[in-house]
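In this note's numbering, the protein residues as written are 6 to 338.
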């Protein structure tokens, strides 16, 4: 039992490797002196998505946690198997984040998801799940939340990432299980697998602190949490219609209009070259970083927004706000 005003790391055994090596999931529990919400922060559900691990490290170093009201539960590495192997998946190639809520007697992923749901998720009142893009794909910092959950939308708004995607959860995900249990949850996507992205990390730390402030896990602040994220109800990937080598012209956070040329794909064996064009107006929130592409490969993830001019202003304002705020709240690099 962790007493009020104390903190500890709780190791939860989740199985063994075939070498008989035990693997645990380490949960940092910071129990405030006063009662309040129980906020769960999770990272590396996909083992190669390591940006969130650094976000968790910086969060746990915060001097502000000494003033905590309620309980903060931080699990920097959920998928320990994938993390050890620098892989998105479990050893049996299953996706842990498609295995929830799991079962006691199912596959490895199903058993891990079941234990995590029963022993950790169900004990919490709010959740922030940290992710990155897949390998060779980068995501603009963004938050995803269910349009039907008002508490989750409030969390998403005060997080203050550049963009909020109102999206239903997928079957088998932890977000879907939390939704079914009535636990407000948001998902933060930023950066690329197996890479640290400093701006994404800063926005992540700042966003979590914003949510904690809004949940009154800290003493009321005279400075209100700013909100200025863009909302998007629809996003889609633009895919390669031909295989070849791509030259990309636009990056994350850039606004595009229908018909804009985003890239060219050419053949190294002939004069063949084809343009990749934007099919609608929006902002680039995800991009393939690998120039070698196959037919049908996802190249650009574009979110529809109400105003392209407003989108550019919002991105600049949020970046400036985070850069200005971090030295005063971090106290650690």
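Glycine included, C-beta positions come from ideal geometry on N, C-alpha and C.
- Three-state class that DSSP yields for residue 1 in the structure shown: Lying outside 6 to 338, the shown extent of the chain, residue 1 is not represented and no answer is given.
- Query: For the putative contact between residue 144 and residue 212, defined by C-beta atoms under 8 Å, what is the C-beta separation to the nearest angstrom?
  - Reply: In fact, because the Cβ distance is near 14 Å, the residues do not count as touching under 8 Å.
- Query: Are the beta-carbon atoms of residue 323 and residue 306 separated by less than 7 Å?
  - Reply: At a Cβ-Cβ threshold of 7 Å, residue 323 and residue 306 do not count as neighbours.
- is_contact[residue 298, chain D] using C-beta, thresh 7 Å: No chain D appears in the structure shown, which is made up of a single protein chain.
- Item | Own chain, CB closer than 7 Å to residue 263, minus 5 neighbours either side, in chain order | These residues qualify, in order along the chain: 283, 284, 285 and 286.
- Rounded to the nearest angstrom, how far is the Cβ of residue 87 from that of residue 111, given a contact under 8 Å? Wrong, their Cβ atoms sit about 18 Å apart, outside the cutoff.
- Hey, could you find the ends of the beta strand (DSSP E) residue 65 is sitting in? Per DSSP, residue 65 lies in no beta strand (DSSP E) segment; the continuous alpha helix (DSSP H) that holds it begins and ends at 56-65.
- Where residue 168 sits in the DSSP three-state scheme: Strand at residue 168.
- Message: What does the alpha-carbon distance come out to for the pair residue 123 and residue 293?
- Response: Between the alpha carbons of residue 123 and residue 293 lies a gap of roughly 36 Å.
- Query: Below 7 Å between beta carbons: does that hold for residue 133 and residue 208?
  - Reply: Result no, Cβ atoms of residue 133 and residue 208 do not sit closer than 7 Å.
- Task: Could you tell me whether the Cβ atoms of residue 136 and residue 194 are closer together than 7 Å?
- Result: Contact: yes.
- Burial state of residue 318 (16 or more Cβ within 10 Å): By the neighbour-count criterion, in which 16 or more other beta carbons inside 10 Å mark a residue as buried, residue 318 falls on the exposed side.
- Is the beta carbon of residue 280 sitting closer than 7 Å to the one on residue 266? In this structure, residue 266 lies closer than 7 Å to residue 280 by Cβ.
- Message: Measuring straight from C-alpha to C-alpha, what distance separates residue 337 and residue 201?
- Response: With a pLDDT of 44 at residue 337, under the threshold of 50, the modelled position of this residue cannot be trusted; read the value that follows with caution. The alpha-carbon of residue 337 is positioned some 17 Å away from that of residue 201.
- Message: Please state the DSSP three-state secondary structure of residue 176.
- Response: Of the three classes helix, strand and coil, the one that applies to residue 176 here is coil, per DSSP.
- Query: With which residues is residue 20 paired in a DSSP beta bridge?
  - Reply: 28.
- Could you tell me which residues DSSP puts in a beta bridge with residue 134? For residue 134, which the question treats as bridged, DSSP gives the partners 47 and 192.
- Query: Is it buried or exposed for residue 260, if we count other Cβ within 10 angstroms and need 16 for buried?
  - Reply: The residue is buried, with at least 16 neighbouring Cβ atoms inside 10 Å.
- Message: Does residue 253 come out as helix, strand or coil in the three-state DSSP assignment?
- Response: If DSSP states are grouped into helix, strand and coil, residue 253 belongs with the strands.
- Start-end ranges of the beta strand (DSSP E) lying completely within the segment 266-291, minimum 3 residues: Within the segment 266-291, the runs of beta strand (DSSP E) that reach at least 3 residues and sit entirely inside it are, in chain order, 266-271 and 278-282.
- Message: My output table needs one value for residue 210: the three-state DSSP class, helix, strand or coil.
- Response: Here residue 210 sits in helix by DSSP.
- Item | Collapsed DSSP secondary structure at residue 200 in the structure displayed | Three-state result, residue 200: coil.
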